[in-house]
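Asks: To start, I am sharing the structure in question, which I have written as structure tokens.
2 protein chains.
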Amino acid sequence: MPPRLLDWFPILRWSGSYGRQHAAGDATAAAVVTLLLIPQSLAYALLAGMPAVTGLYASMLPLVIYALMGSSPVLAAGPAALRSIMSLAAVGGVVATGSADFIAASLLLAVLVGAMLLVMGLLRMGFIAGFLSAPVLSGFVTASGLLIVMSQLPHLLGTPLRSENLWVFVQSLWWQRGEMHGLTGAVGLAALLGLWASRHFLQRLLRRLGLPQGAADLLVKAAPLLILVGFIAIAQTRDWANQGVAVVGTVPQGLPGLALGSLLGASASTLQALLLPALLIAMLTFVEQISIAQTFAARRRERVDSDAEMRAMGAANLAAGLTGAHAVGASFSRSAVLHDAGARTPAAGLLTAVLLGITALFFTPWLHHLPLAVLAATILMALGSLLDFGSFGRTWRYSRADFAAQALTFAVTLLVDLVSGLMVGVIASLALHIWRSSRPHIAVVGNVPGTEHYRNVLRHEVLTHPHILGLRVDESLFFANARYLEDRIGAELASRPDVRHVVLQCTAVNEIDASALESLRSIHQRLQETGVQLHLSEVKGPVMDRLKRSDFLEQLSGRVFLTHHQAVQSLLEETPPHA
Amino acid sequence: MPPRLLDWFPILRWSGSYGRQHAAGDATAAAVVTLLLIPQSLAYALLAGMPAVTGLYASMLPLVIYALMGSSPVLAAGPAALRSIMSLAAVGGVVATGSADFIAASLLLAVLVGAMLLVMGLLRMGFIAGFLSAPVLSGFVTASGLLIVMSQLPHLLGTPLRSENLWVFVQSLWWQRGEMHGLTGAVGLAALLGLWASRHFLQRLLRRLGLPQGAADLLVKAAPLLILVGFIAIAQTRDWANQGVAVVGTVPQGLPGLALGSLLGASASTLQALLLPALLIAMLTFVEQISIAQTFAARRRERVDSDAEMRAMGAANLAAGLTGAHAVGASFSRSAVLHDAGARTPAAGLLTAVLLGITALFFTPWLHHLPLAVLAATILMALGSLLDFGSFGRTWRYSRADFAAQALTFAVTLLVDLVSGLMVGVIASLALHIWRSSRPHIAVVGNVPGTEHYRNVLRHEVLTHPHILGLRVDESLFFANARYLEDRIGAELASRPDVRHVVLQCTAVNEIDASALESLRSIHQRLQETGVQLHLSEVKGPVMDRLKRSDFLEQLSGRVFLTHHQAVQSLLEETPPHA
Chain E
0 MPPRLLDWFP ILRWSGSYGR QHAAGDATAA AVVTLLLIPQ SLAYALLAGM PAVTGLYASM
60 LPLVIYALMG SSPVLAAGPA ALRSIMSLAA VGGVVATGSA DFIAASLLLA VLVGAMLLVM
120 GLLRMGFIAG FLSAPVLSGF VTASGLLIVM SQLPHLLGTP LRSENLWVFV QSLWWQRGEM
180 HGLTGAVGLA ALLGLWASRH FLQRLLRRLG LPQGAADLLV KAAPLLILVG FIAIAQTRDW
240 ANQGVAVVGT VPQGLPGLAL GSLLGASAST LQALLLPALL IAMLTFVEQI SIAQTFAARR
300 RERVDSDAEM RAMGAANLAA GLTGAHAVGA SFSRSAVLHD AGARTPAAGL LTAVLLGITA
360 LFFTPWLHHL PLAVLAATIL MALGSLLDFG SFGRTWRYSR ADFAAQALTF AVTLLVDLVS
420 GLMVGVIASL ALHIWRSSRP HIAVVGNVPG TEHYRNVLRH EVLTHPHILG LRVDESLFFA
480 NARYLEDRIG AELASRPDVR HVVLQCTAVN EIDASALESL RSIHQRLQET GVQLHLSEVK
540 GPVMDRLKRS DFLEQLSGRV FLTHHQAVQS LLEETPPHA
Chain L
0 MPPRLLDWFP ILRWSGSYGR QHAAGDATAA AVVTLLLIPQ SLAYALLAGM PAVTGLYASM
60 LPLVIYALMG SSPVLAAGPA ALRSIMSLAA VGGVVATGSA DFIAASLLLA VLVGAMLLVM
120 GLLRMGFIAG FLSAPVLSGF VTASGLLIVM SQLPHLLGTP LRSENLWVFV QSLWWQRGEM
180 HGLTGAVGLA ALLGLWASRH FLQRLLRRLG LPQGAADLLV KAAPLLILVG FIAIAQTRDW
240 ANQGVAVVGT VPQGLPGLAL GSLLGASAST LQALLLPALL IAMLTFVEQI SIAQTFAARR
300 RERVDSDAEM RAMGAANLAA GLTGAHAVGA SFSRSAVLHD AGARTPAAGL LTAVLLGITA
360 LFFTPWLHHL PLAVLAATIL MALGSLLDFG SFGRTWRYSR ADFAAQALTF AVTLLVDLVS
420 GLMVGVIASL ALHIWRSSRP HIAVVGNVPG TEHYRNVLRH EVLTHPHILG LRVDESLFFA
480 NARYLEDRIG AELASRPDVR HVVLQCTAVN EIDASALESL RSIHQRLQET GVQLHLSEVK
540 GPVMDRLKRS DFLEQLSGRV FLTHHQAVQS LLEETPPHA
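Sequence lines, in order, name chains E and L. Residue numbers 0 to 578, in numbering that gives the first Met the number 0, belong to the letters of the first sequence in order. Residue numbers 0 to 578, in numbering that gives the first Met the number 0, belong to the letters of the second sequence in order.
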């Protein structure tokens, strides 16, 4: 088999040796994760502004594709909270929520995210994850969590509130106060309380009641689904739908078809407007996925192939868009469930998809009476991991500049919208980095008497000569700091009228990019015009190789010395101090 | 006098000791530069899509303001080719060229550029110039030069051609071929030939005719103005305007008034649309200005105060917008003239402004019959310094990646528009830098037998221990490369099942930003879960100080060692190899 094919489809590596010992773990894990995935998938579809059934669609073919192409046995692909609200924000910014165009645009967004991830995986562009710095990411995720809370409160309490951003939310809270549907609110809060109690007390209660560990564990994991089923039963018998409680309504039965018609209906202007949001969602999806994959891979001392992960998630998103679902990603909570339940291979994901398919085929009519308030409660209970307010304090103590980027991202996400927030965060990180890099440490150096060493004149007792200026550059030279070198040399020369030779000690220069080369050219030319020679010393091999490809060394008025000491010695001999 | 005031208005430093010896040089330089500035200012206004007279306005108050606030005696502020075509592109993208709104928006753009430069100067944000890498800048400038040629050909030849970008230009060339106004074309080509000949042969000719050096120099410098006057005279006597030759037309006489009414008429949407172009023009203006200022300051062994320069050019642009002119910048050609003619202080600029004021007061009626084709020829002759095709070859040989950024910028500028081109260039430079930084050099190190030195296992014969993994990180850790460290450690551990201790040798780590700290936390936690301890060695002082402000060191399972050798020795004693 060509190695290329094995790289693309890791399933070809493990499926050959698949046996009963794997199947047991995978089947258990798939069953447990399905219990969690059914309510989550419906809820996250709601969060993305999509029909509930599309949550099930997002949990079928995308999971199959990820199982074929992904490298991690426990990474749970499918609908995820952050992706859903970003999809809502991105698509809602282009077409009206709730329209047929909205669904088409949501699918298109998933296809775009998928295509971008696939291409970036092909081009090995994992480095783009680097654009999202940790403080920016945490500021963004926390603000997104708050926005999710705001978006779910109307469903939870039966209040008509708008929640595009904090500003709109507060305004609509002001105008709509008092208007709340009592029964919906009671149902929502009861569901929330039930989910909370089942997470925090059910385990202990069941153990006290004498249930064995395994059974108690399974019951706790099934609790969200059981609560959901319980509310469906009550809603149906009491006919809540006719008392004004919003319910899911008719859910089409069966497996998803190809949504090509819907996709092709999207306009070119919609496509264009979704490009930037799709890029941001692709970056975010990859960062989240890799961080989850690495966490679990480390526990198993496995390696994560980030290119394969990108391709797999890209293909999964393509599959999501083509089968009528919104963008998908990796879920930390479900990955943890897969890991704890003993998933051994990606076959667990395949099996989960089959179980979801069975649900879609046979159980969707039952979902008709499911109150939206219960789904909202499901979403709110899953938010814990998104809200990390402690991170602000940690960043503030560690670095004020990083904190500024974090706070800015948080504020823009909350007050404007998610796409702008993430965009501003990326720009802030980059600006911060360029600002930090723009003033590299450059020391004037002199000779430590009796040695061949050269040290900073400000920190050591060293010998200097009025005709020779030795400068040690303590960083690689690139476009952000190249101009500062020009500035600095200009300033040093303005205060040292006797200097005839400038020697740049390049010990710590790992790279000189084309901008820095231009700066060196300018420096050289300006020095030459005032009769000063420019020399280099201790240039590293790779840097020297590259310089030889330009004509800089041929034009250089001075020389390149192996050591700084040699430079100073030769120049002193040629230009004696008393000259 | 408060030092703050002296910093803001360098004129207060030099005006006290101003004397006759300065006045002579300044007056000569001002006279010579005025000869060049009159035709250039009219031509650059035309290039910006503005009435010709606004070129004179751009050469009055802005020059006065720069003389008061600027630090360079020879920097020539005022209308400049690149700024003018960028102004046209930016404003033309928002409102229709030639409308009253167009003028209002051009002034608004100048005010925005001015305000941004002023604020950036106040906040000492010179680092933003670093966003424009040298290859991107040169790709952009060369493409701009070609766009200027395209924009002037219609005026030069009397052909109606559109020139927003190369694509539009080629299309309109195809449809409009043949339609050319014969007389206009003849005038334009004659002017171009005249200007070219005066630059290349006039000096030699005059010397052969026996003129003294000084007189010949002055005549050569006056030649563009003389040619202009000559064409005005012929156009008037032959009444070219009635034969279809486009002329400047009625030019209002007198000094510019305050253009507040025009400025306040601009709509909020225009303001918003101009923000990004204004930022890019501000960056470009600053980069150009600093590079010109540094070139001449070096020849005089003077220092350039980049914050003062930013403030001065900001205020000059505010003055331009408020007195009815488009955005201004620094001109290399006129700065060179000031330098060569012996300008001693910024008073030369003041005097130039006065001479331009006299022109505006008394000579504008004469401009009525000036053919636009002659101004177009003036612009084309000034383009030489913008077109630098050789730079592509140099960049290609030096660095393929830098070349890619340069070519992309060139192509987008030429095929789409100037604003997109520069924007894409900035993004490409940043992406390139993040990509380069994303994989720092990390070496597995071992002990050089018999010493306390540790070296790369791939390059040296060194001793390692199966329980201890020593890694030397050869760069500062920040958001772009933090994740790679996680990757790399994960990969090393996956292939070394016996490792119990990971020691990071931080000799070359000058900084650990908040993202890298988060990565270290993740690495630490993942290692801890598999029973591996993380240690640090040779952490630099400032890095250590910062780490102490987080709780990372308290949570660290391992220790921080002064030297890598100490780390390995202690760990070997605690965990003997045979354990």
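The beta carbon of each residue, even a glycine, is placed where N, CA and C say it ideally should be. Treat the numbers as computed from the prediction; the structure is a model and nothing was measured.
Can the beta-carbon of phenylalanine 409/E be found less than 9 Å from the beta-carbon of phenylalanine 391/E?
Replies: Pairing phenylalanine 409/E with phenylalanine 391/E gives a Cβ-Cβ distance under 9 Å.
Asks: Along chain E, in chain order, which residues have C-beta atoms closer than 8 Å to that of valine 303/L?
Replies: Chain E residues near valine 303/L: Asp486, Gly489.
Asks: Am I right that histidine 367/L and valine 228/L are in contact with their C-beta atoms under 8 Å? What's the rounded C-beta distance?
Replies: Actually they do not touch by this definition, with Cβ atoms about 13 Å apart.
Asks: Give a yes or no on whether the C-beta atoms belonging to leucine 457/E and glutamate 491/E are separated by under 9 Å.
Replies: no
Asks: What would DSSP say about aspartate 6/E, mapped onto helix, strand or coil?
Replies: Looking at aspartate 6/E - three-state DSSP - the assignment turns out to be helix.
Asks: Give a yes or no on whether 9 Å exceeds the smallest Cβ distance from leucine 533/L to chain E.
Replies: no
Asks: In its own chain, which residues sit with a C-beta less than 7 Å from the C-beta of isoleucine 302/E, not counting the 5 before and 5 after it?
Replies: The question names isoleucine, yet the displayed sequence has arginine at residue 302/E. Once the five neighbours on either side are set aside, the close Cβ partners of arginine 302/E are Ala296.
Asks: Does glutamine 252/L come out as helix, strand or coil in the three-state DSSP assignment?
Replies: Coil.
Asks: I'd like to know if the region 142–149 of chain E and the region 429–442 of chain E are in contact, where contact means that at least 3 CB-CB pairs between them fall below 8 Å.
Replies: Fewer than three Cβ pairs drawn from the region 142–149 of chain E and the region 429–442 of chain E lie within less than 8 Å of each other, which leaves the two stretches out of contact.
Asks: Taking Cβ positions, are serine 40/L and leucine 60/L nearer each other than 9 Å?
Replies: no
Asks: May I have the straight-line CA-CA distance separating alanine 222/E from leucine 421/L, to the nearest angstrom?
Replies: 56 Å
Asks: Going along chain E in order, which residues have a C-beta closer than 9 Å to the C-beta of leucine 45/L?
Replies: Going along chain E, no residue has its Cβ under 9 Å from leucine 45/L, so there is no contact; the nearest lies around 32 Å.
Asks: What residues in its chain sit with their C-beta under 6 Å from that of tyrosine 17/L, if we drop five residues either side in the sequence?
Replies: none
Asks: Would you kindly work out how many angstroms separate the C-alpha atoms of proline 345/E and glutamine 504/L, rounded to a whole number?
Replies: When rounded, the distance between both Cα atoms is 37 Å.
Asks: Please confirm whether alanine 29/E and alanine 311/E have their CB atoms less than 9 Å apart.
Replies: No, Cβ-Cβ distance for alanine 29/E and alanine 311/E is not below 9 Å.
Asks: Distance check for asparagine 316/L and leucine 155/E, CA to CA, integer angstroms please.
Replies: 55 Å
Asks: Using the beta-carbon count (16 or more within 10 Å), is glutamate 287/L buried or exposed?
Replies: buried
Asks: Which residues in the same chain have their Cβ closer than 7 Å to the Cβ of threonine 351/L, if we skip the five residues on either side of it in sequence?
Replies: Ala29, Val32, Thr33, Leu36, Leu62
Asks: Helix, strand or coil for serine 390/E? Go by DSSP, reduced to three states.
Replies: helix
Asks: Are aspartate 304/E and proline 9/E closer than 9 Å when you measure CB to CB?
Replies: yes
Asks: Just by C-beta distance, which residues in the region 80–98 of chain E are closer than 9 Å to chain L?
Replies: none
Asks: Determine the chain L residues that contact arginine 458/E at a beta-carbon separation under 9 Å, and present them in chain order.
Replies: What arginine 458/E touches in chain L: nothing, since even the nearest Cβ is about 12 Å away.
Asks: Quick one, are the C-beta atoms of alanine 481/L and alanine 133/E less than 9 Å apart?
Replies: Taking 9 Å as the Cβ cut-off, alanine 481/L and alanine 133/E qualify as a contacting pair.
Asks: Below 7 Å on C-beta distance, what does threonine 294/L contact in chain E?
Replies: Arg525
Asks: Looking at C-alpha atoms only, which residue of Ile127/E, Leu274/E, His180/E is the closest neighbour of alanine 114/E?
Replies: Out of Ile127/E, Leu274/E, His180/E, Leu274/E has the C-alpha closest to the C-alpha of alanine 114/E.
Asks: Can you say whether valine 425/L is buried or exposed, counting buried as having 16 or more other CB atoms within 10 angstroms of its CB?
Replies: buried
Asks: To the nearest angstrom, how far is it from the Cα of alanine 277/L to the Cα of proline 496/L?
Replies: When rounded, the distance between both Cα atoms is 57 Å.
Asks: Confirm, please, whether the CB-CB distance from isoleucine 378/L to alanine 42/L is below 9 Å.
Replies: For alanine 42/L and isoleucine 378/L, yes; Cβs fall inside 9 Å.
Asks: Identify which residue in Asp473/L, Ser514/L, Thr529/L, Ala232/L has its Cα closest to the Cα of glycine 489/L.
Replies: Thr529/L
Asks: Could you spell out where the beta strand (DSSP E) holding glutamine 504/E opens and where it closes?
Replies: 500–504
Asks: Among Glu510/L, Thr183/L, Ala44/L, which one has its Cα closest to the Cα of glutamine 242/L?
Replies: Thr183/L
Asks: Could you list which residues in chain E have their beta carbon closer than 7 Å to that of valine 500/L, in chain order?
Replies: The amino acid occupying residue 500/L in the given sequence is histidine; valine does not appear at that position. Here the premise fails: no neighbours, minimum Cβ distance about 15 Å.
Asks: Roughly how many angstroms lie between the CA atoms of leucine 87/L and leucine 81/E, to the nearest whole one?
Replies: 42 Å
Asks: Kindly say whether alanine 410/E, judged by its beta-carbon, lies nearer than 9 Å to any beta-carbon of chain L.
Replies: no
Asks: Which same chain residues, not among the five before or five after isoleucine 127/L, have their C-beta less than 7 Å away from its C-beta?
Replies: Excluding sequence neighbours, isoleucine 127/L sits near Met119, Met282.
Asks: So arginine 396/L and serine 549/E are supposed to be a Cβ contact under 8 Å. How far apart are they, rounded?
Replies: 6 Å
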